[in-house]
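Asks:
Residue numbers (the working numbering): 3 to 107.
#1: Roughly how many angstroms lie between the CA atoms of residue 39 and residue 96, to the nearest whole one?
#2: Counting only the same chain and skipping the five closest in sequence on each side, list residues whose C-beta sits under 7 Å from that of residue 34.
#3: Of all the CB atoms in chain C, is at least one closer than 8 Å to the CB of residue 12?
#4: Locate the beta strand (DSSP E) running through residue 45, then write down its first and last residues.
#5: Between the Cα of residue 31 and the Cα atoms of 93, 63, 89, 91, which residue gives the shortest distance?
#6: Tell me, to the nearest whole angstrom, how far the beta carbon of residue 23 is from that of residue 89; I am working on the premise that it is less than 8 Å.
#7: Over the uninterrupted beta strand (DSSP E) stretch that includes residue 8, give me the two end residues.
#8: Give the single residue among 50, 47, 27 whose Cα lies nearest to the Cα of residue 41.
#9: With DSSP as the reference, label residue 80 as helix, strand or coil.
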């Protein structure tokens, strides 16, 4: 069975302390067993015209779509989503089963 990915590309609102939001997110995913892995990064190299203003990427991996569904409906995630939605200017969200072409070493 393929792993399931949850990818969020985001532009935060002006004045938001992004580090605080990301720390809260790190705490959240550590408290929910359904999350297999969590990664995030800030774009540092791309040209503004290519990023369309997006600054951060957030990637979560789940063992299955069922684990992703459990995460989506978890009360702590629902609560965090309410807060998260108030600090973002815009986002792109993709949820998908992964296709591994070259596994990490």
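The C-beta atom is built at its ideal place from N, Cα and C for all residues, glycine as well. Since the model is a prediction, treat every value here as computed from it, not as a measurement.
Replies: The answer reads as follows:
#1: 16 Å
#2: 73, 76, 78, 79
#3: The displayed structure is made up of one protein chain only, and chain C is not part of it.
#4: From DSSP, residue 45 is part of no beta strand (DSSP E); its letter is neither H nor E.
#5: 63
#6: 6 Å
#7: 6 to 14
#8: 27
#9: helix
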